[in-house]
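Protein chains: 2
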Amino acid sequence: MAGTAGTAGPRLCRRLEGEAARAVLANADTLLFDCDGVLWRGDTAISGAPAALGRLAAAGKRLCYVTNNSGRTRVAYTEKLRRLGFPPAEPRHIFGTAFCAARYLRQALPPGAAAYVLGGPALAAELEAVGIPHLGPGPAALPGPAPADWAKAPLDPAVRAVLVGFDEHFSYAKLCQALRYLLQNPDCLLVGTNRDHRLPLEGGAAIPGTGCLVKAVETAAQREAFIVGKPNRFMFDCVASEFQVDPARTIMVGDRLDTDILMGNSCGLTTLLTLTGVTALDEVQAHLDSDCPARHSLVPDYYVDSIADLLPALGE
Amino acid sequence: MAGTAGTAGPRLCRRLEGEAARAVLANADTLLFDCDGVLWRGDTAISGAPAALGRLAAAGKRLCYVTNNSGRTRVAYTEKLRRLGFPPAEPRHIFGTAFCAARYLRQALPPGAAAYVLGGPALAAELEAVGIPHLGPGPAALPGPAPADWAKAPLDPAVRAVLVGFDEHFSYAKLCQALRYLLQNPDCLLVGTNRDHRLPLEGGAAIPGTGCLVKAVETAAQREAFIVGKPNRFMFDCVASEFQVDPARTIMVGDRLDTDILMGNSCGLTTLLTLTGVTALDEVQAHLDSDCPARHSLVPDYYVDSIADLLPALGE
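Note that the protein sequences, when read in sequence, are chains Z and V.
Heads up: the first sequence at position 185 corresponds to 185 in UniProt numbering, and the numbers run straight through without jumps.
Heads up: the second sequence at position 123 corresponds to 123 in UniProt numbering, and the numbers run straight through without jumps.
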């Protein structure tokens, strides 16, 4: 058990407990945590999760947070972790899609180029932090009663990217402007923070996720967006460019197979599924039983009911 | 040339002119016209189109209008035809997706069931005309600042269908309500008027089409919508249930390959492409040259630069 299961034979989604849990954790320097459904649900910490992360930090592990949520800045995440009793984190340990999207655009855009943003204040703040001018956040109205008016609203000639994140003010008016920027300049980038189709709320309710808005823009533009978030390895590359991380000594902990686990497996990490979020074990079984090789990349190395189950393996 | 080209060998997209034009028209009892890009662009008739339709009507042909646009009622179409100088049409000759969607829901829903509508006044009016209660048209605001509030907005228990048409007031708030209706009741129908991804405007500009909104809802719900409009044969079935039409003696005239021509070919009609709309001849050639059999169903039997080119064949 000294090697990572991720590189030693097929992934079988074994329960991580006892001696195996001690060995897997001993072999890891870095743990990457998805947040919602793993550390907390809404505004409530998963019971035992703060204690488990406290012991991991005390054992000298590097803890990073890798989330597709584009609704919070890095600083806001450090505050939420502190408020819910998790060990202290610095902004540099937080990799949300607002930050990663800004980082991507900083690399991809020429100096002075601006972004038209379907998204909220966090996305705007992270763009500002890397010096990218932006427009779009907040409500927008159609500039007149007729379609001919809509196609005449002013366009900022500096815009060279359309960035789609979570936007509660998403509207036909914004979709229209996004399309016009993309048609006006064939080199205009189309970037989405993630493809999550729903955001689960406490009590089983759900609201539409950013993936719905990305699809609307992609359909209008007839172009595929570059997606910053998991399962794209760009999120892991962001971590790896900030810290010295050895994939073979890194564990990705998440509750979603098609984002967290797929990214972890693609990047050669050890993958650990928690059942406190959106996934039930029978979904994994269906992938394991499938003849389709692509579905095997959705199977984690290990699972736990909750990351609190790691506490015994982290005891004195 | 007495039979229809649609059933006599491969479709080759030949120019319809001279003796062939006279023979094809003589063999037809009914012509189905797409509107925008075929009869008019925006608010301007295609030059010569009213005269061509006038002669077809005088020759005793049945003229029907089959449009994916959900933004006008049947009555509004008859008025537009009259205003632009086309021969008089009755509402029963107009098959728009607002009318056809109402007709579909009238068949599919139990008595008293209501529809949640992403769409405009025309969609609402056609639903009222068939006695389906509806809610949704017009602007909607999110019912509070936090996601937990959004998932608590009241839902009408009578709603058994979500209908997505063109909606300039489309918003995240409406997407959220649509998802909640679809999640609340697994039997709730999801119906879209069409998948057109853009609406072309005069001068080469374009605005997002209903297909973008349908995709957003489908992505949230993770369900495929039933699409009323072309290329679905439901539109032709609506015509055929209103009139005695023989597919072998019917011509579908349109400017879009993936809607007009595909539906016409699927239903065994003779298909005629006009180049006054969104399609150029080289797109047809690419389909003709393709090895993929599915692409051959996008090739029309015939083309004309404009339906005004039929005038000589319709002379005395």
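Every residue, glycine too, gets a C-beta built ideally from N, C-alpha and C.
Check, Outcome
"Return yes when at least one heavy atom of the ligand HEM lies under 7 Å from the C-beta of V:A158, else no.", "This structure simply doesn't include the ligand HEM, nor any ligand for that matter."
"What does Z:Y116 pair with, by DSSP beta-bridge criteria?", "Z:L135 and Z:V162"
"Is there a Cβ from chain V that is less than 8 Å from the Cβ of Z:Q285?", "no"
"Going by other Cβ atoms of all chains shown within 10 Å of its Cβ, with 16 needed for buried, is Z:S290 buried or exposed?", "exposed"
"Between Z:L179 and V:A122, what straight-line distance do the alpha-carbon atoms span, to the nearest angstrom?", "25 Å"
"Alpha carbon to alpha carbon, what distance is there between V:Q184 and V:H169?", "23 Å"
"What residue does the beta strand (DSSP E) around V:T67 start on, and which one ends it?", "R62 to T67"
"What separation, rounded to the nearest whole angstrom, lies between the Cα atoms of residue 354 of chain Z and Z:I261?", "Missing from the structure shown is residue 354 of chain Z; chain Z here goes from 1 to 316 and no further."
"Which same chain residues end up closer than 7 Å to V:I227 when comparing Cβ atoms and leaving out the 5 residues on each side of it in sequence?", "G192, N194 and R195"
"Please check if any C-beta of chain V sits within less than 8 Å of the C-beta of Z:D289.", "no"
"Within 10 angstroms of its Cβ, does Z:R74 collect 16 or more other Cβ (buried), or is it exposed?", "buried"
"Give a yes or no on contact between the segment 20-39 of chain Z and the segment 243-256 of chain Z, applying the rule of three or more CB pairs nearer than 8 Å.", "yes"
"By how many angstroms is the C-alpha of V:Y172 removed from the C-alpha of Z:A221?", "19 Å"
"From the beta carbon of Z:S70, is the nearest beta carbon of chain V less than 8 Å away?", "no"
"Would you say Z:T7 reaches chain V, if we count a Cβ-Cβ gap shorter than 8 Å as a contact?", "Here the model assigns Z:T7 a pLDDT of 46, short of 50, so the residue's position is not dependable, and the following value carries that caveat. Closer than 8 Å: no."
"Starting from the C-beta of Z:C238, find all residues in its chain whose C-beta is less than 7 Å away, skip the five residues before and the five after it, and write them out in chain order.", "F95, C100 and R103"
"Please check if any C-beta of chain V sits within less than 8 Å of the C-beta of Z:E168.", "yes"
"Chain Z partners of V:W40, CB-CB under 7 Å?", "Within chain Z, no residue comes near V:W40; the closest Cβ sits about 14 Å away, beyond 7 Å."
"Counting only the same chain and skipping the five closest in sequence on each side, list residues whose C-beta sits under 6 Å from that of Z:Y89.", "This sequence places Ala at residue 89 of chain Z; Tyr is not what is there. Here the set comprises T78 and L81."
"Can you find a C-beta in chain V that's less than 8 Å from the C-beta of Z:P208?", "yes"
"Quick one: list the residues of chain Z neighbouring V:C212, beta-carbon separation under 7 Å, in chain order.", "L175, A216, T219 and A220"
"Using the Cα positions of V:A59 and V:I46, report the straight-line distance between them to the nearest angstrom.", "21 Å"
"Does V:R198 come within less than 8 Å of chain Z when only Cβ atoms are used?", "yes"
"Just to confirm before moving on: does the CB-CB distance between Z:A158 and Z:G112 stay below 8 Å?", "yes"
"Can you tell me which of the three DSSP states V:L275 falls into?", "coil"
"Which same chain residues, not among the five before or five after V:A148, have their C-beta less than 6 Å away from its C-beta?", "none"
"For residue 328 of chain V, count the other beta carbons within 10 Å of its own beta carbon; 16 or more makes it buried, fewer makes it exposed. Which is it?", "Absent from the model: residue 328 of chain V. The displayed extent of chain V is 1 to 316, so no value can be given."
"Which partner residues of V:S171 appear in the DSSP bridge assignment?", "Z:S171"
"Any beta carbon of chain V sitting closer than 8 Å to that of Z:P137?", "no"
"I need the straight-line Cα distance from V:A23 to V:P300, nearest angstrom please.", "17 Å"
"Would you say V:S47 reaches chain Z, if we count a Cβ-Cβ gap shorter than 8 Å as a contact?", "no"
"Taking Z:L189 as the reference, which of Z:D309, Z:E242, Z:V164 and Z:F236 has the closest Cα?", "Z:V164"
"Near V:R92, which residues of its chain fall below 7 Å by C-beta distance, leaving aside the five closest residues on each side in sequence?", "E242"
"Could you pull the DSSP bridge partners for V:A206 from this structure?", "V:P200"
"Using a Cβ cut-off of 8 Å, pull out every chain V residue sitting near Z:P147, in sequence order please.", "L199, L201 and I207"
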